[in-house]
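In our numbering, the protein residues as written are 26 to 334.
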Amino acid sequence: MERIDYLGADIGSWKVGNSTFLAWPENGARLMNWHLELADGSFRDVIHWPESDSIDDFALVRGGNPVLFPFSARTFHRGTIHQWKAPDGKIRPMPMHGIARQGRFVLNSVDEHGFTAVYQPDDEASQAYPFEYEFSVAYRFRELALSVEFRLKNLGSARLPWSAGHHFYFSVPWREGGHRGQYSVSIPARRAWRQDAHGLIVPIEGYRSGITKLDTPSLVDRIHTNLTSENVRLKDNETGDGIRLRIGSGGKPSPDTTVVTWTSGPEAPFYCVEPWMGPPNSPEAGMGLHWVDPGQSGVFSVEVRLDTE
Numbered sequence: 026m027e028r029i030d031y032l033g034a035d036i037g038s039w040k041v042g043n044s045t046f047l048a049w050p051e052n053g054a055r056l057m058n059w060h061l062e063l064a065d066g067s068f069r070d071v072i073h074w075p076e077s078d079s080i081d082d083f084a085l086v087r088g089g090n091p092v093l094f095p096f097s098a099r100t101f102h103r104g105t106i107h108q109w110k111a112p113d114g115k116i117r118p119m120p121m122h123g124i125a126r127q128g129r130f131v132l133n134s135v136d137e138h139g140f141t142a143v144y145q146p147d148d149e150a151s152q153a154y155p156f157e158y159e160f161s162v163a164y165r166f167r168e169l170a171l172s173v174e175f176r177l178k179n180l181g182s183a184r185l186p187w188s189a190g191h192h193f194y195f196s197v198p199w200r201e202g203g204h205r206g207q208y209s210v211s212i213p214a215r216r217a218w219r220q221d222a223h224g225l226i227v228p229i230e231g232y233r234s235g236i237t238k239l240d241t242p243s244l245v246d247r248i249h250t251n252l253t254s255e256n257v258r259l260k261d262n263e264t265g266d267g268i269r270l271r272i273g274s275g276g277k278p279s280p281d282t283t284v285v286t287w288t289s290g291p292e293a294p295f296y297c298v299e300p301w302m303g304p305p306n307s308p309e310a311g312m313g314l315h316w317v318d319p320g321q322s323g324v325f326s327v328e329v330r331l332d333t334e
C-alpha cells in the first residue's frame, strides 16, 4: 500500500496482482476505483471513477462505492423527505443516503491488502442519529475480488436502528466498443418495488425474477427483495465475463435484504448494482430495519468478484 496525491488529496493505493484499488479511507471510507491490468497491457475499470479537476463535493461524485449509513436513499416522515422518526418519538433530519458518505473517518488499521476505518460523527450527524456507537468499514482487496464489511457496535443503553447499504458504480460497458445492451444482470428476487414521491414502497405487480438487460428502462430505480440466493451477477453476454456479488456471509439472505439497480441516463458509463440491508425509508416502512442491542454488534458484508462462465 502507498499513499499518493490525487488533486491535492492524500489517498491510498493498493496493488494486488494485476488489480489496483484506490480509496480515501479518511473521507467517507470511500473506495474510489478498481482497475485491472490486462494481458495486452491495457486496463479495464471495474469500479468507475470519473475524470475530474477538483475534489469539491467529493461525497456527491458519481463513482466508487459511497457508504450509505445509517439508512439508504431517502427517508420520510409522513410524506416529508429527509426526516425520520427516531425511537424516542422525536422527528430528526436525515440526509439522502445518511451521514457517512460525507463524514470523516480515522484509520484503525491498514496493510497491503486493505484497511479498516472508524466513523467520527460531527454535531450535524449526532443531530440526525443521536446514539452512542462505533461504525466501522473494513475493506479487503484481492487480485480479482474485494470484500467489504460494515460493523455497527452499540456502545449505549438503547437499541440502535440501522439499514445500511452499498452504492457500487460498476463500469459498463467494460469492453471498448461495447454498449449497455450487451450486458445483463441476474438478481434472484421474488419481489420488486418502487418508491413513490411520498416515500411509500409500492410493489411492482407481475414482476418475474430472471435476467434483465441493462438497457431495459424499467430496471432503473428498481428495488428487489426476497432473494432466493446470496449471488447477484452482472454479465457481458458476448464474452460470458462477469462480476459476481455475494451478499452476506453465506446462505439465503433475510427476506428484506435488497438489491437496487440504478443509472443516471442511457449514456452514463456506469450501472449501479447496490446491495442494501433493506429498502429505502426503512424507519417508516419497517421493511429492512435492523436493530443492534446494547453491547452487541451488527454486521453487513458483501464480496465482489470477477468471474467467467
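Ideal Cβ placement from N, Cα and C applies to all residues, glycine included.
Using the rule of at least 16 other Cβ atoms within 10 Å of the residue's Cβ for burial, across every protein chain shown, is residue i buried or exposed?
i    : result
E51  : buried
Q321 : exposed
R247 : buried
P308 : buried
H192 : buried
S139 : This sequence places Gly at residue 139; Ser is not what is there. With 16 or more Cβ atoms within 10 Å of its Cβ, G139 is classed as buried.
Q145 : exposed
T253 : exposed
A64  : exposed
A217 : buried
G181 : exposed
E292 : exposed
I268 : buried
T333 : exposed
V327 : buried
P278 : buried
L340 : The structure shown does not extend to residue 340, since the chain spans only 26 to 334, so no value can be given for it.
L85  : exposed
Following a CB-centred definition, is residue i positioned closer than 7 Å to any heavy atom of the ligand NAP?
i    : result
A217 : The ligand NAP is absent from the structure shown, which contains no ligands of any kind.
Using only alpha-carbon positions, find the residue among the options that is nearest to residue i.
i    : options                : result
R103 : A222, A34, L252, F140  : A222
S44  : R219, H204, L169, R258 : L169
D148 : V135, R129, A142       : R129
W74  : N58, L259, A64         : N58
P186 : V210, G202, Y208, F156 : F156
G235 : S209, V245, V227       : S209
F68  : E201, N133, N256       : E201
V329 : R258, W301, K277       : R258
V71  : L270, N306, F325       : L270
G290 : T241, I80, P305, L225  : T241
V173 : Q220, G206, G89, L61   : G89
T100 : A84, P91, M121         : M121
M26  : E137, R117, V86        : E137
K178 : F325, F166, T283, D78  : F325
G53  : G42, G275, D82         : D82
G311 : S243, R184, I226       : I226
S77  : G276, V285, A34, Y158  : A34
A183 : P278, R87, P319        : P319
E255 : L244, V284, K238       : V284
V143 : W49, Y31, G42          : W49
I366 : F166, Q220, D30        : Residue 366 lies beyond the range of the chain shown here (26 to 334); nothing can be said about it.
G323 : L85, Y158, T141        : Y158
R167 : L244, A84, H60         : H60
In terms of DSSP beta bridges, what is residue i paired with?
i    : result
G89  : In DSSP, G89 forms no bridge with anything.
K178 : E159, S322
A214 : L252
P118 : Q108
N58  : L47
L171 : F166, V329
K40  : T45
A142 : L132, V162
W316 : P186
S196 : F295
P228 : W218
Inspect the beta-carbon positions of residue i and residue j and report whether they are closer than 8 Å.
i    : j    : result
F46  : F175 : no
T250 : P280 : yes
G273 : S188 : no
N306 : G190 : no
S97  : W301 : yes
L132 : I80  : no
K238 : G203 : no
P91  : R55  : yes
Discussion item. I want to know whether the stretch 223-242 touches the stretch 110-123 - three or more CB-CB distances under 8 Å.
Written reply: no
Worksheet item: Taking one C-beta from the stretch 152-162 and one from the stretch 119-126 each time, how about it: are there three or more such pairs within less than 8 Å?
Response: yes
Practice prompt. Check whether the stretch 295-307 touches the stretch 195-213, taking contact to mean three or more Cβ pairs, one atom from each stretch, closer than 8 Å.
Written response: yes
Discussion item. Can you confirm whether the stretch 258-276 touches the stretch 312-319 when touching is taken to mean that 3 or more C-beta pairs between the two stretches lie within less than 8 Å?
Written reply: no
Practice prompt. Count the C-beta pairs between the stretch 32-42 and the stretch 141-153 that are closer than 8 Å, then say yes if the count reaches three, no if not.
Written response: no
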